[in-house]
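Undergrad: So that we are looking at the same thing, I have put the structure below in structure tokens.
Take a look at the structure:
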């Protein structure tokens with residue numbers, strides 16, 4: 001594992017590792033060193049200090065004389081011979097010595113020495129071809145706020161990789177602490193558990209994480225530069241579209257095909273954005289830079305790790321790719337579409353139908369006067385799938401969601417379309433509002449206003465039937481009729497408001513909804529072959 005780390009250090013152009021700690025403040029150990037020395041005098045062990053040859057009665061005096069004239073490195077070596085370092089200090093030095101044996105320079109400094117070194121030569125020394133890995137204790141005794149305060153003197157540079165040790169959190173909490181530190185691009189918090197438990201493996205993994213953070217940060221930075229440039233170029237192209245072409249694309253083609261104008265608007269910009277990003281990637285060595293970043297990240301990712309990764313945010317991101325929230329589609333008065341998911345009564349259903357057939361034309365009607373569409377109940381927590389059962393992509397429900405293709409039902413589009421006329425996504429209509437259900441009719445497309453008027457005419461005919469049902473006249477027959485058409489029995493309020501137990505709650509990914517619809521069509525197109533009577 002040490003070989004992999006050294007390879008990663010070389011790939012990252014790390015030429016030096018600096019370990020900053022109070023244990024290297026040698027002056028603070030002088031009194032303790034004297035105490036140990038006195039013990040040695042009593043046991044005739046003073047000969048362990050091989051640089052002193054005097055008689056033991058003048059040993060302490062000569063030791064002081066040597067100390068005052070020695071270099072800091074000589075003092076450190078003496079202290080480490082005389083004093084017993086903590087387990088964590090020993091384990092760090094042991095790991096660093098192993099790295100040093102692979103021709104990576106390792107230096108140990110006190111906080112004061114590091115400050116002097118950085119202000120002096122170090123900040124000018126670091127560059128792309130000479131990068132430095134810095135290790136520091138968060139709880140330094142001679143710093144008011146520990147290593148964090150000391151790091152404030154260090155300029156934010158991609159060529160300096162910092163690891164901040166602390167005993168206040170576990171290995172599994174390192175990412176959470178990193179977030180608390182402000183999601184730094186250059187400082188990775190290291191739990192001291194790494195240097196107390198299995199020091200070789202865990203410590204090496206910790207050093208890897210310091211480099212790994214830098215590789216992740218560099219990839220983010222270079223990718224964002226590409227995306228920002230692509231976005232700015234797309235905005236400029238969008239802004240400079242001539243008005244005739246813009247009007248034709250957004251209004252005229254949408255009206256002709258029965259498309260939602262906002263969808264066309266969004267689609268055009270996303271096409272421009274994709275093209276701009278593609279052109280930005282292939283220019284100015286951007287692709288090469290991204291590939292180099294990916295190569296380094298790939299190298300740092302090969303290390304095995306037992307750490308639990310919190311994937312809750314990734315699940316949320318994946319879920320947002322799979323499902324469009326009901327808040328968005330309802331508050332924008334989106335027409336119903338293939339993949340819309342409804343809550344009908346206490347159950348969930350998904351709408352599956354050919355998108356072009358669902359599109360509402362300019363006259364407020366659908367092609368072939370389509371009156372109903374297919375919906376299938378969504379169920380959860382199935383352990384295994386049977387014939388005709390298809391799983392839905394889902395990241396936030398234990399087990400998984402699935403539909404049984406054979407259980408499809410037809411439901412009236414007059415009811416489903418009602419969810420497009422209020423921000424709650426509920427199938428409800430006030431028959432006294434014949435032309436527009438909301439105060440600002442500009443929020444609805446003209447074809448949707450015509451569609452609403454047609455539904456209003458249907459609802460007015462339904463009123464007498466519901467009144468008769470409330471009185472008990474042919475109640476069973478009416479309820480059976482309603483359930484067969486609407487899957488629910490509507491409620492009549494104040495003699496004018498019809499409320500169905502239907503609400504649109506989200507929309508399934510368009511491509512995946514198309515896959516489900518194709519499976520439904522295959523099921524409906526199945527052919528029964530006559531049995532072989534000769535057998």
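Numbering (UniProt numbering), first residue to last: 1 to 535. We put the beta carbon where it would ideally sit given N, CA and C, even for glycine.
Curious, which full-length beta strand (DSSP E) runs of at least 3 residues does the segment 370-419 contain?
TA: 372-380, 389-392, 401-404 and 409-412
Undergrad: Drop a sphere of 10 angstroms on the beta-carbon of residue 203, count the other beta-carbons inside from all chains shown, and report buried for 16 or more, exposed for fewer.
TA: That one is buried.
Undergrad: Three-state secondary structure (DSSP) at residue 109?
TA: strand
Undergrad: Quick check on DSSP: helix, strand or coil for residue 163?
TA: strand
Undergrad: Could you tell me the alpha carbon to alpha carbon distance between residue 145 and residue 269, rounded to whole angstroms?
TA: Low confidence applies to residue 145: its pLDDT is 48, below 50, so where it sits in the model is not reliable, and the reading given next is rough at best. Their Cα atoms are separated by approximately 49 angstroms.
Undergrad: Using the three-state DSSP reduction, which class does residue 1 fall into: helix, strand or coil?
TA: Of the three classes helix, strand and coil, the one that applies to residue 1 here is coil, per DSSP.
Undergrad: At a cut of 8 angstroms, does the segment 456-470 reach the segment 482-492 through at least three beta carbon pairs?
TA: yes
Undergrad: Are the segment 438-456 and the segment 517-524 touching by the rule of at least three beta carbon pairs closer than 8 angstroms?
TA: no
Undergrad: Given a cut-off of 7 angstroms on the beta-carbon distance, is the pair residue 338 and residue 525 in contact?
TA: Going by C-beta atoms, residue 338 is not nearer than 7 angstroms to residue 525.
Undergrad: Give the range of the alpha helix (DSSP H) segment to which residue 367 is assigned.
TA: No alpha helix (DSSP H) holds residue 367; DSSP gives it neither H nor E.
Undergrad: Buried or exposed for residue 10, going by 16 or more other Cβ atoms inside 10 Å?
TA: exposed
Undergrad: In three-state DSSP terms, what is residue 335?
TA: coil
Undergrad: Kindly list the residues whose CB is nearer than 8 angstroms to the CB of residue 361, restricted to its own chain and excluding five residues on each side of it in sequence; keep chain order.
TA: 258, 367 and 447
Undergrad: Buried or exposed: residue 423, going by 16 or more other Cβ atoms within 10 Å of its Cβ?
TA: exposed
Undergrad: Taking the alpha carbon of residue 536 as the reference point, which residue from 382, 115 and 369 has its own alpha carbon closest?
TA: Missing from the structure shown is residue 536; the chain here goes from 1 to 535 and no further.
Undergrad: Near residue 544, what residues of its chain come up, given a Cβ to Cβ distance below 7 angstroms and the 5 sequence neighbours on each side ignored?
TA: Because the chain spans 1 through 535 in this model, residue 544 falls outside it and cannot be assessed.
Undergrad: Is the distance from the Cβ of residue 344 to the Cβ of residue 487 below 7 angstroms?
TA: yes
Undergrad: How big is the Cα-Cα spacing for residue 373 and residue 323?
TA: 21 angstroms
Undergrad: What whole-angstrom Cβ distance do residue 186 and residue 164 have, given they're in contact under 8 angstroms?
TA: Not quite, the Cβ-Cβ distance comes to about 10 angstroms (not below 8 angstroms), so this is no contact.
Undergrad: Apart from the five residues just before and just after residue 166, which ones in its own chain have a Cβ nearer than 6 angstroms to its Cβ?
TA: 138
Undergrad: Report the rounded CA-to-CA distance for residue 498 versus residue 425, giving the unit in angstroms.
TA: 14 angstroms
Undergrad: Could you give the distance in angstroms between the alpha-carbon of residue 347 and the alpha-carbon of residue 510?
TA: 22 angstroms
Undergrad: Kindly give me the distance between the Cβ atoms of residue 207 and residue 358, rounded to whole angstroms, as I take these residues to be in contact under 8 angstroms.
TA: The Cβ separation is near 57 angstroms, so there is no contact.
Undergrad: So what's residue 186 in DSSP terms, helix, strand or just coil?
TA: coil
Undergrad: Would residue 14 be called buried (16 or more neighbouring beta carbons within 10 Å of its own) or exposed?
TA: buried
Undergrad: Go to residue 469, then tell me how far its alpha helix (DSSP H) extends in each direction, as first and last residue.
TA: The continuous alpha helix (DSSP H) containing residue 469 extends over residues 446-471.
Undergrad: Measuring CB to CB, does residue 504 end up less than 7 angstroms from residue 342?
TA: Yes. Within cutoff.
Undergrad: Tell me residue 136's beta-bridge partners as DSSP assigns them.
TA: 20 and 164
Undergrad: Alpha carbon to alpha carbon, how far is residue 99 from residue 264? Give it in angstroms, no decimals.
TA: Distance between the alpha carbons of residue 264 and residue 99 is about 58 angstroms.
Undergrad: Whole angstroms is fine: what's the gap from residue 280's alpha carbon to residue 293's?
TA: 17 angstroms
Undergrad: So, at 6 angstroms on beta carbons, what are the nonlocal neighbours of residue 419 in its own chain, with the 5 sequence-adjacent residues on each side left out?
TA: Correct list, in chain order: 425, 427 and 504.
Undergrad: Where does residue 537 fall in DSSP's three states?
TA: Nothing about residue 537 can be read from this structure; the chain reaches only from 1 to 535.
Undergrad: Whole angstroms are fine: how far does the CA of residue 352 sit from the CA of residue 170?
TA: 49 angstroms
Undergrad: Helix, strand or coil: which one does DSSP assign to residue 426?
TA: strand
Undergrad: Quick one: what's residue 340 bridged to in DSSP?
TA: Assignment of beta-bridge partners to residue 340 by DSSP yields 507.
Undergrad: Is the distance from the Cβ of residue 443 to the Cβ of residue 328 below 7 angstroms?
TA: no
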